[in-house]
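These notes concern the structure reproduced below.
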Amino acid sequence: MYFQYPLELIGTFFFAISGALAMQDKDHDWFAAGFTGFITAIGGGTIRDMMLGSYPLVWIGDIHFLYAVLAGVVMAIIFFRLFIRLRRTFLLFDTLGISFFTILGVEKAMSLGVRPEIAAIMGMFTAVMGGVIRDTLANELPVIFRKEIYATACLAGAIVYLVLDIHTPLERNYNLLISISVIILIRLLAVKFKLALPGFRKIR
Amino acid sequence: MYFQYPLELIGTFFFAISGALAMQDKDHDWFAAGFTGFITAIGGGTIRDMMLGSYPLVWIGDIHFLYAVLAGVVMAIIFFRLFIRLRRTFLLFDTLGISFFTILGVEKAMSLGVRPEIAAIMGMFTAVMGGVIRDTLANELPVIFRKEIYATACLAGAIVYLVLDIHTPLERNYNLLISISVIILIRLLAVKFKLALPGFRKIR
Amino acid sequence: MYFQYPLELIGTFFFAISGALAMQDKDHDWFAAGFTGFITAIGGGTIRDMMLGSYPLVWIGDIHFLYAVLAGVVMAIIFFRLFIRLRRTFLLFDTLGISFFTILGVEKAMSLGVRPEIAAIMGMFTAVMGGVIRDTLANELPVIFRKEIYATACLAGAIVYLVLDIHTPLERNYNLLISISVIILIRLLAVKFKLALPGFRKIR
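Protein chains in written order, with our numbering: chain U, 38 to 241; chain Z, 38 to 241; chain F, 38 to 241.
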């Protein structure tokens with residue numbers, strides 16, 4: 038896919054914006070905006086590569102990712118009001134981001150020779166772990182534990198990708214399209230219809 | 038010890054159950070139960086191996102650990118009420134788990150050539166870090182900072198194992214028995230008699 | 038610089054004291070004091086080296102760092118009242134610590150062949166990440182997100198060091214002196230005059 042590299046950078050850019058905006062209710066300063074933007078954008082891939090022992094980390098080996106983060110943070114500071122008004126648009130960007138990062142994470146893990154079950158987990162980690170670290174640092178319950186289906190959509194898309202990749206002769210580009218669409222669809226339907234997984238029963 | 042591998046899997050299984058049950062008061066869903074079960078079960082060994090630079094991580098190199106986690110989470114979802122009623126039994130399982138994981142962690146670290154002091158810390162990390170990450174993600178004070186002696190028991194058992202291993206000709210199996218018993222005893226006595234380490238003095 | 042190694046150990050010692058004192062309002066015990074002292078002192082360098090894939094970690098390869106931590110924790114327990122009274126003195130020690138650790142982190146990263154932009158981030162991480170982990174475990178908003186300029190001072194000093202190192206023929210020892218002074222000055226002036234970066238605008 039010719040567009041993979043620019044899309045990765047664009048995904049990093051959007052994740053950095055969403056991370057920089059994440060702590061806007063904490064009365065934080067520019068540094069905090071930059072730090073959370075950075076963590077959100079590169080956290081997932083960093084956890085994945087550190088768990089797989091794959092060095093150098095993507096953003097350490099290729100400086101363009103750092104610039105994409107910086108650009109996102111600067112945009113978030115300058116166009117703050119606009120982005121807050123566009124919050125609904127952001128749901129779309131975030132969804133595009135996690136769907137794309139999931140499948141890229143799966144492919145990276147598979148290329149390092151792990152089993153498909155592990156690759157599916159690594160795909161999900163790539164997409165959601167940046168947000169988990171961001172929320173944990175901000176003293177909030179991580180997004181993946183909140184009601185709407187989020188990480189589960191990533192996991193489902195990762196499994197679809199792996200099943201099609203291993204058990205069918207489907208070409209990679211079509212597979213990417215299908216599995217990314219699965220994540221986007223599940224996520225957007227979950228938000229629209231407030232779908233949630235069955236709750237774990239509480240005592241009493 | 039012939040039983041080491043199955044015991045490791047069983048320990049992982051029980052840790053996954055306790056992790057999945059841990060967030061039951063947070064109104065979380067099946068995914069969150071699975072995620073916390075996974076983190077609790079594999080977190081400690083993952084931290085240890087990432088700090089030691091020992092790749093592949095245990096659960097990435099051997100898929101059976103992932104299945105043990107899945108089995109534990111499914112059990113926790115199905116037999117939820119039973120497990121809550123058996124909470125006292127669980128203290129025993131958790132204690133068995135941390136004592137066994139501590140000594141396995143010590144041995145793994147020693148086999149990688151670190152000094153005994155470091156191996157003792159790695160043993161304790163193996164046992165408690167999964168719970169630390171789980172509690173931190175759930176926005177709770179980690180279990181190791183709460184009153185009862187917990188991590189300290191692991192550290193004590195690790196030191197007993199290392200002293201006996203290095204300074205006596207005691208056979209490994211007997212050493213395992215002794216040091217694991219030390220951890221279990223300290224922990225159960227601490228819970229029964231509400232023992233605690235001296236408190237760090239507060240201001241005023 | 039002949040004094041580098043002893044200064045590293047002394048920095049570790051002081052960070053361990055400040056970490057052990059950090060949770061004094063949480064009614065924690067000696068173990069918790071030791072654990073937070075340990076995390077605070079070795080956390081930043083550990084994160085840096087794990088991200089760079091540089092093994093063994095400093096404190097695993099050289100046992101003296103562990104002893105420096107232990108000495109710091111024991112000091113904190115024994116001289117608790119004294120240290121609390123000396124809190125203002127501690128600001129100075131902490132500032133010396135972060136300034137020194139920042140530049141050491143930058144140099145370590147550069148010696149591993151990463152780009153200067155990455156080395157600057159690694160320098161800052163070395164100085165502040167121990168405190169970030171400590172605060173996150175203690176369920177508090179990390180120090181770097183609070184009002185006064187803290188991590189930003191480290192980043193500024195790291196950039197000064199790198200610019201002088203790459204673009205001037207200045208000798209290393211002078212560069213160390215200058216860049217460390219920059220961090221100390223920014224930090225102390227920020228505390229004295231309550232300087233802060235521009236706040237990220239809140240909604241309404």
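C-beta: ideal position from N, C-alpha, C; glycine also.
Let's test the definition: count the other Cβ atoms within 10 Å of the Cβ of residue i and tell me whether it reaches 16, buried, or not, exposed.
i      : result
E208/U : exposed
N210/U : exposed
I158/U : buried
L226/F : exposed
S136/Z : buried
R118/U : exposed
G296/Z : Since the first residue shown for chain Z is 38 and the last is 241, residue 296/Z is missing from the structure and cannot be characterised.
R125/U : exposed
G98/U  : exposed
I203/F : exposed
A53/U  : buried
L123/U : exposed
Return yes when the Cβ of residue j is within less than 8 Å of the Cβ of residue i, no when it is not.
i      : j      : result
I215/U : V200/U : no
T49/Z  : G168/Z : no
E154/F : I115/U : no
I79/F  : W96/F  : yes
I181/F : A175/F : no
A113/Z : L58/Z  : yes
A146/U : G134/U : no
V106/F : F75/F  : yes
T195/Z : V143/Z : At residue 195/Z the sequence reads Ala, which differs from the Thr that was named. Cβ distance < 8 Å, so A195/Z and V143/Z count as in contact.
F162/Z : I221/Z : no
T139/Z : R224/Z : no
Please list the partners that residue i has in chain U, where partner means a Cβ-to-Cβ separation under 9 Å.
i      : result
I181/Z : Within 9 Å Cβ-Cβ: nothing; I181/Z doesn't reach chain U, min ~17 Å.
Check the Cβ-Cβ distances between residue i and every residue of chain F, and say whether any is below 8 Å.
i      : result
T205/U : no
E154/Z : yes
L178/Z : yes
Taking the C-alpha atoms as reference points, what is the distance between residue i and residue j?
i      : j      : result
T73/Z  : M88/U  : 17 Å
L232/F : A70/U  : 17 Å
V165/U : P206/Z : 50 Å
G56/F  : F127/F : 11 Å
V219/F : A193/F : 8 Å
I240/F : I170/F : Per-residue confidence for I240/F stands at a pLDDT of 45, beneath the threshold of 50, marking its modelled position as unreliable; the derived number appears in the next sentence. Roughly 29 Å between the two C-alpha positions.
G90/U  : F230/F : 45 Å
I186/F : L129/F : 15 Å
F102/F : D86/F  : 15 Å
Y104/Z : Y92/F  : 31 Å
D66/Z  : Q41/U  : 34 Å
L178/U : D172/U : 6 Å
I47/Z  : L46/U  : 43 Å
L94/U  : L44/Z  : 35 Å
Does any residue of chain U have a CB that is nearer than 8 Å to the CB of residue i?
i      : result
I97/Z  : yes
F50/Z  : no
A188/F : yes
F100/Z : Sequence inspection shows Ile at residue 100/Z; the Phe mentioned does not correspond to that position. Judged by the 8 Å Cβ criterion, I100/Z is in contact with chain U.
Whose Cβ in chain F lies nearer than 8 Å to the Cβ of residue i?
i      : result
P93/U  : L89, G90 and V151
V169/Z : L174
Using a C-beta to C-beta distance shorter than 9 Å, which residues of chain F count as neighbours of residue i?
i      : result
L103/U : R152, E154, I155 and I158
Listing by chain order, which chain F residues have their CB less than 7 Å from the CB of residue i?
i      : result
T173/Z : T173 and L174
Below 7 Å, is the gap between the Cβ of residue i and the nearest heavy atom of the ligand COA?
i      : result
F127/U : With respect to small molecules bound, the structure shown includes none, and the ligand COA cannot be examined in it.
So residue i contacts chain U; which residues on that side make the cut at Cβ distance below 8 Å?
i      : result
V197/F : Neighbours of V197/F on chain U: none; closest Cβ ~17 Å, over 8 Å.
A164/F : Those do not exist, as A164/F stays about 13 Å from chain U at its closest Cβ, beyond 8 Å.
Cβ closer than 9 Å: which chain Z residues qualify as neighbours of residue i?
i     : result
T83/F : M88
Given that residue i touches chain U, what residues does it touch there, using C-beta distances under 7 Å?
i      : result
A233/F : D66
Is there a Cβ from chain Z that is less than 8 Å from the Cβ of residue i?
i      : result
I225/U : The question names Ile, but residue 225/U is Leu in the sequence shown. No, its Cβ sits nowhere closer than 8 Å to a Cβ of chain Z.
Can you name the residues of chain Z whose CB is closer than 8 Å to the CB of residue i?
i     : result
F72/F : I181, F182 and A188
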